[in-house]
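Residue numbers (this note's numbering): 12 to 397. By construction, the Cβ of each residue, glycine as well, lies at the ideal position given by its N, Cα and C atoms. Note that the structure is predicted; figures quoted are calculated from it, not measured. What follows is one structure encoded as structure tokens, with my remarks underneath.
Written out as structure tokens, the structure is:
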């Protein structure tokens, strides 16, 4: 496969030039090298379709030739925006929606934000698409609190989307005044629709808001979560603690086969979404708490006498907080299911857990991000004296 952006140092698809089978071979070998000493690594689960899998797109606005409004991604190692019309990784519907966004913004004469001068209006555009529902969210990130002519922009956007035969379900303005690389700010205003979209994953329906964490590869996420539930070995009698639960995607899947699930997440809006998602799916054996897992879990254990049979962790790339690892060892669950997006931090955390009473029985790898070097790994850790 060829992409003209690669020659311009896009950097988004470092493995694009390799045959997909070779990509999988290299990824599996990299995982085995880092964590293979802890237990058997199953063959990597590749994607049926390694292209156009990203259901979330973030584009940065800039001024193009003649002052024309363009949008795209930063060239590798720079803050120079490479204009993107289409991408081999992105959902093709979202590529077309982004064209409609640019056309509507140009009609309203919106100017791109200049990060060096701190002037201009439009910073980024975040797009989400529900793969099953087909619903599309447009989040316009602005450097100013007021979007001039917001109603006119929405009308223009809907007209441009209709012209291109793509849906726009909701439009949100996000205000981000910070001069940092963080995309989203804390303030939001719904301009059209409900401010969220729905999607179905593993048979459950989830509401996705602008800041919701939701895996970008829908089909491979179903594979990943299926392996996680399989690793948990649930019989319907277990109490499960889900650290880093986000909007409850894994928690609600686990709740179908567990006695009780407790989800913990440090981001308040995510917990609000998780509770709404539990109600939306009629799940009554899942409870969610805001806070640090290393603080909430001991409280449940020591104060409420909650004894976890299984603890599930799905941390960010930096891995688990050391205090959480200490908490897991103290609580002594029968099994720990570790879902990792970074093999290096996974190896670090496995070293701690295997030195403190646990054995890695099975490691499974899923290619969630074809054409990139990233991969997801699931590890089942069993208590040694069980």
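Around the Cβ of residue 179, are there at least 16 other Cβ atoms within 10 angstroms (buried) or fewer (exposed)?
When all chains shown are included, residue 179 counts as buried.
Note the first and the last residue of the continuous beta strand (DSSP E) segment covering residue 393.
Unbroken beta strand (DSSP E) run through residue 393: 387 to 394.
Cβ-based burial, residue 327 [other Cβ within 10 Å; buried from 16]
Burial call: exposed.
Mind checking who residue 298 pairs with in its DSSP beta bridge?
In the DSSP output, where bridge partners are listed per residue, residue 298 has 273.
Evaluate residue 182 with the Cβ neighbour count: other Cβ atoms within 10 Å of its Cβ, from every protein chain shown; 16 or more gives buried, anything less gives exposed.
It counts as buried.
Anticipated Cβ contact below 8 Å, residue 247 with residue 268, distance rounded:
Distance from residue 247 to residue 268 at the Cβ level is roughly 6 Å; contact confirmed, criterion being Cβ atoms closer than 8 Å.
Buried versus exposed, by CB contacts within 10 Å (16 or more), residue 192
Residue 192 should be labelled exposed.
Is the CB-CB distance between residue 301 and residue 261 below 8 Å?
Residue 301 is not a Cβ neighbour of residue 261, given a cutoff of 8 Å.
Throw me the rounded Cβ distance for the residue 381 and residue 34 pair, which I believe falls under 8 Å.
Indeed, because the Cβ distance is near 7 Å, the residues count as touching under 8 Å.
Where residue 166 sits in the DSSP three-state scheme:
Helix.
Of the listed residues 216, 226, 76 and 200, nearest to residue 144 (C-alpha basis):
When each option's Cα is compared against that of residue 144, the closest is 216.
Residue nearest to residue 114 in terms of C-alpha spacing, selected from 392, 63, 128 and 169:
Closest by alpha carbon: 169.
Verify whether the separation of the beta carbon atoms of residue 136 and residue 82 is less than 8 Å.
Yes, they are a contact pair.
Which of helix, strand or coil does DSSP assign to residue 192?
If DSSP states are grouped into helix, strand and coil, residue 192 belongs with coil.
Which whole-angstrom value is the C-beta distance of residue 351 and residue 305, which I expect to be below 8 Å?
With a contact defined as Cβ atoms closer than 8 Å, residue 351 and residue 305 miss out at about 18 Å.
Could you check where the beta strand (DSSP E) with residue 253 kicks off and where it finishes?
For residue 253, the uninterrupted beta strand (DSSP E) run begins and ends at 250 to 254, by DSSP.
Per-residue burial, residue 290 [other beta carbons within 10 Å of its own, 16 or more giving buried]
Within 10 angstroms of the beta-carbon of residue 290 lie fewer than 16 other beta-carbons, which makes it exposed.
Starting from the N-terminal side, write out each stretch of the alpha helix (DSSP H) that is 4 residues or longer and does not extend beyond the segment 212 to 264.
As for any alpha helix (DSSP H) of minimum length 4 sitting wholly inside the segment 212 to 264, the runs are 229 to 243, ordered along the chain.
Rounded to the nearest angstrom, how far is the Cβ of residue 242 from that of residue 43, given a contact under 8 Å?
In fact, because the Cβ distance is near 18 Å, the residues do not count as touching under 8 Å.
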